[in-house]
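Last residue of the sequence shown: 153 (the working numbering), numbering continuous.
Cβ coordinates follow ideal geometry from the N, Cα and C atoms, glycine included.
These numbers come from a predicted model, not from an experiment.
What follows is a set of notes on a single structure, which appears directly below.
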Amino acid sequence: MKPVKITIKSSSGDMNKSDKLTVVVYGQMAERSGENYVLYDETALTGMEGTKTTIKWDEKSLLVLRTGTYDNRQEYRQGCSYESIYTTPYLVVPIKVTTKEVIAKKANGIWRLHVEYDMEIAQVDNGSVILDIKIEEDVSSEH
């Protein structure tokens with residue numbers, strides 16, 4: 011495992027209202043059998059303190075696994091829909107995502123992951139989401 015800096019930019023909503031968030035976290039990365047893994051702790055900025063997140067990806071899919079205060083397993087594969095249960099300290103919510111696009115590219119030692127999907131929460135349309143994730147080696151010794 012090697013230390014990495016992870017920058018996550020998300021944009022969600024519809025044409026009338028859009029929410030944008032950028033989060034920078036530090037974690038660990040490993041590559042095994044053509045699959046890549048990043049592990050990190052959620053921060054107060056995301057509202058999910060006490061949660062560990064694992065992102066696993068290959069050329070065609072991306073998986074986000076959260077365990078701890080918040081639990082969820084969400085898969086993204088272009089053209090596919092996946093249903094999951096999002097468990098919080100306050101409620102349990104069914105989620106469905108329909109993935110429009112998944113792109114994973116590595117250049118100059120930096121991974122760039124791009125995911126676009128439509129989301130339903132408790133069977134209600136919640137608009138579209140775009141995630142852009144940049145994963146680069148953490149060269150600082152502070153983390």
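Fill in: Where residue 117 falls: helix, strand or coil (DSSP)
The sequence position of residue 117 within the sequence shown is 107, counting from 1. The answer is strand: DSSP assigns residue 117 an E or B state.
Item to complete: Look up residue 98 in the DSSP assignment and say whether it is helix, strand or coil.
Response: As a position in the sequence shown, residue 98 is number 88, starting the count at 1. Residue 98 falls in the coil class under three-state DSSP.
Discussion item. Once the 5 residues before and after residue 163 are set aside, which same chain residues still bring their CB inside 6 Å of it?
Written reply: Residue 163 cannot be examined here, being either before or after the span of the chain that is shown, 11 to 153.
Worksheet item: Quick one: what does DSSP say residue 56 is sitting in, helix, strand or coil?
Response: If you number the sequence shown from 1, residue 56 lands on position 46. Three-state result, residue 56: helix.
Practice prompt. State yes or no: is the C-beta of residue 12 nearer than 6 Å to some heavy atom of the ligand PLP?
Written response: Ligands are entirely absent from the displayed structure, and the ligand PLP is therefore not among its contents.
Practice prompt. State the Cα-Cα distance for the pair residue 21 and residue 30, rounded to the nearest angstrom.
Written response: For this step, residue 21 is matched to residue 11 along the sequence shown. For this step, residue 30 is matched to residue 20 along the sequence shown. Roughly 4 Å separates the two Cα atoms.
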